[in-house]
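Heads up, the thing below is written out as structure tokens.
Numbering (my numbering), first residue to last: 387 to 560.
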């Protein structure tokens with residue numbers, strides 16, 4: 387599979403490099419933003435902080451899968467609730483839960499979620515990254531999906547997607 391005309395990583399080291407590079411890019415885009423810039427709600431109802439708590443929630447879900455647990459555990463919801471939600475509904479549940487977090491707690495939680503994800507990713511072998519979620523042993527309703535696809539969707543591709551939206555949000559607030 388090729389996403390955005392970029393070949394997928396071929397091994398665990400390349401996965402780590404993509405995650406590190408995309409995270410560094412996101413951090414660079416956020417560097418120097420004031421508390422007001424991080425917390426002001428934009429035209430679509432989200433603040434930069436909301437984007438960051440969203441990213442952290444999805445990182446926690448991915449970390450749970452990489453630890454061969456249900457993503458529901460990482461999201462902090464029940465497996466039954468996760469099973470009945472589509473992605474937009476899940477995102478809304480996470481948003482409603484996290485939107486009142488104080489900025490400091492949101493930033494600290496995001497750093498912790500990212501550190502835990504990196505720890506989980508660093509345990510992956512080249513063989514692991516070539517597996518489907520089912521072959522890897524992840525608790526998921528989509529065992530046929532590739533582990534690489536899930537990692538990309540919930541980490542480096544996700545960071546890049548939200549970095550664009552954060553840039554648009556900041557431009558709209560100027």
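Ideal Cβ positions, reconstructed from N, Cα and C, are used throughout, including at glycine.
Beta-carbon contacts of residue i that lie in its chain and below 6 Å, excluding the five residues immediately before and after
{"i": "residue 496", "result": "438 and 442"}
{"i": "residue 502", "result": "449"}
7 Å CB neighbourhood of residue i in its chain, flanking five on each side removed
{"i": "residue 427", "result": "433"}
{"i": "residue 471", "result": "479"}
{"i": "residue 465", "result": "456 and 458"}
{"i": "residue 551", "result": "437"}
{"i": "residue 542", "result": "404, 405 and 408"}
Coarse secondary structure for residue i, derived from DSSP in three states
{"i": "residue 508", "result": "coil"}
{"i": "residue 516", "result": "coil"}
{"i": "residue 532", "result": "strand"}
{"i": "residue 554", "result": "helix"}
{"i": "residue 456", "result": "strand"}
{"i": "residue 396", "result": "coil"}
Backbone CA spacing between residue i and residue j [nearest angstrom]
{"i": "residue 525", "j": "residue 533", "result": "12 Å"}
{"i": "residue 419", "j": "residue 548", "result": "16 Å"}
{"i": "residue 421", "j": "residue 462", "result": "27 Å"}
{"i": "residue 458", "j": "residue 529", "result": "15 Å"}
{"i": "residue 539", "j": "residue 515", "result": "14 Å"}
{"i": "residue 484", "j": "residue 425", "result": "13 Å"}
{"i": "residue 392", "j": "residue 531", "result": "19 Å"}
Proximity below 8 Å, CB of residue i to CB of residue j
{"i": "residue 454", "j": "residue 520", "result": "no"}
{"i": "residue 545", "j": "residue 412", "result": "yes"}
{"i": "residue 506", "j": "residue 452", "result": "yes"}
{"i": "residue 510", "j": "residue 398", "result": "yes"}
Beta-carbon contacts of residue i that lie in its chain and below 8 Å, excluding the five residues immediately before and after
{"i": "residue 500", "result": "409, 442 and 445"}
{"i": "residue 527", "result": "469"}
Environment of residue i [buried if 16+ CB atoms lie within 10 Å]
{"i": "residue 553", "result": "exposed"}
{"i": "residue 395", "result": "buried"}
{"i": "residue 537", "result": "buried"}
{"i": "residue 492", "result": "buried"}
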